[in-house]
Amino acid sequence: QKEVEQNSGPLSVPEGAIASLNCTYSDRGSQSFFWYRQYSGKSPELIMFIYSNGDKEDGRFTAQLNKASQYVSLLIRDSQPSDSATYLCAVNSPVSGGYNKLIFGAGTRLAVHP
Amino acid sequence: DGGITQSPKYLFRKEGQNVTLSCEQNLNHDAMYWYRQDPGQGLRLIYYSQIVNDFQKGDIAEGYSVSREKKESFPLTVTSAQKNPTAFYLCASSVTSGRAGLKGEQFFGPGTRLTVL
Numbered sequence: 006q007k008e009v010e011q012n013s014g015p016l017s018v019p020e021g022a023i024a025s026l027n028c029t030y031s032d033r034g035s036q037s038f039f040w041y042r043q044y045s046g047k048s049p050e051l052i053m054f055i056y057s058n059g060d061k062e063d064g065r066f067t068a069q070l071n072k073a074s075q076y077v078s079l080l081i082r083d084s085q086p087s088d089s090a091t092y093l094c095a096v097n098s099p100v101s102g103g104y105n106k107l108i109f110g111a112g113t114r115l116a117v118h119p
Numbered sequence: 536d537g538g539i540t541q542s543p544k545y546l547f548r549k550e551g552q553n554v555t556l557s558c559e560q561n562l563n564h565d566a567m568y569w570y571r572q573d574p575g576q577g578l579r580l581i582y583y584s585q586i587v588n589d590f591q592k593g594d595i596a597e598g599y600s601v602s603r604e605k606k607e608s609f610p611l612t613v614t615s616a617q618k619n620p621t622a623f624y625l626c627a628s629s630v631t632s633g634r635a636g637l638k639g640e641q642f643f644g645p646g647t648r649l650t651v652l
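Taken in order, these protein sequences are the chains called H and R.
The opening position of the first sequence corresponds to residue 6 in our numbering, with each subsequent residue numbered one higher.
The opening position of the second sequence corresponds to residue 536 in our numbering, with each subsequent residue numbered one higher.
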């Protein structure tokens, strides 16, 4: 069974700090990695994706990927109370016909306090 | 506006009833997906469809059925055989061709919250 593991949290950080969210995955064949943000009662929103080893920055968000360690992380700089949400890590899993499906972790709940 | 719509937002089902959840997209995406989310858990794949008139079971298909008669539409029926259907149901879509298709990005509708009375 292909798995994606995340610490459920809550991860509590003060406003202005860096929040670090981590994710490990089991399928070495995975090539694409996604971070979704989900506010309570709402649907997931794609905020970052990364395909290559190393770092990818977009505004206050940085995704980091290490395929050798099967590890992907999300850093949120200058955390704001509006960042308080559950962050879902998703990893692609190739299926027949050259298509993909996503395997989701259970999510890490982030709480940013003023 | 391009996007994915789901209806209804809230749905109540009595024991023994079948109910159908609607999902429509105007993004011209080939692939569509149905997920179930329970409190404190991640998304679990129910069914997916890569092309019209074709669909595959996901990890938890028992008690559910789907159809894909049009590219834009992928309705999910929760049958009476699904013993614990109370959950948040999410529909998603993605492209399947080109660079984006190989990467597998999925975009979600707003969800339907189903409660069994």
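All C-beta atoms, glycine included, are put in the ideal place defined by N, C-alpha and C.
Let me know if F643(R) comes out buried or exposed under the rule of 16 or more other beta-carbons within 10 Å of its beta-carbon.
-> buried
Report the residues of the stretch 585-619 of chain R with a CB closer than 8 Å to any CB of chain H, ordered along the chain.
-> Q585, Q591, G593
What is the residue span of the beta strand (DSSP E) that S655(R) lies within?
-> For chain R, the structure presents residues 536 to 652; residue 655(R) sits outside this window and is missing.
Give the secondary structure of G59(H) by DSSP, where H, G and I count as helix, E and B as strand, and everything else as coil.
-> G59(H) falls in the strand class under three-state DSSP.
Excluding sequence positions up to five away, which residues of its chain have a Cβ less than 6 Å from the Cβ of M567(R)?
-> Within the same chain, and ignoring the five residues on either side of M567(R) in sequence, the residues whose Cβ sits closer than 6 Å to its Cβ are S584, F609, S628.
Per-residue DSSP class, three states only, for D88(H) | helix
What residue from N561(R), T540(R), N553(R), Q591(R) has the CA that sits closest to Y104(H)'s CA?
-> Q591(R)
Residues of chain R with a CB under 9 Å from the CB of G59(H): which are they?
-> Chain R residues near G59(H): none, gap ~16 Å exceeds 9 Å.
Residue nearest to N588(R) in terms of C-alpha spacing, selected from D594(R), Q641(R), E607(R) = E607(R)
Counting Cβ pairs closer than 8 Å, one from the stretch 552-560 of chain R and one from the stretch 612-622 of chain R, do we hit at least three?
-> Taking a cut-off of 8 Å for Cβ pairs, the stretch 552-560 of chain R and the stretch 612-622 of chain R touch, as three or more such pairs fall below it.
For the beta strand (DSSP E) containing F66(H), list its first residue and its last residue.
-> 66-71
So is V601(R) buried or exposed if we call it buried at 16+ other beta carbons inside 10 Å?
-> Under this definition V601(R) is a buried residue.
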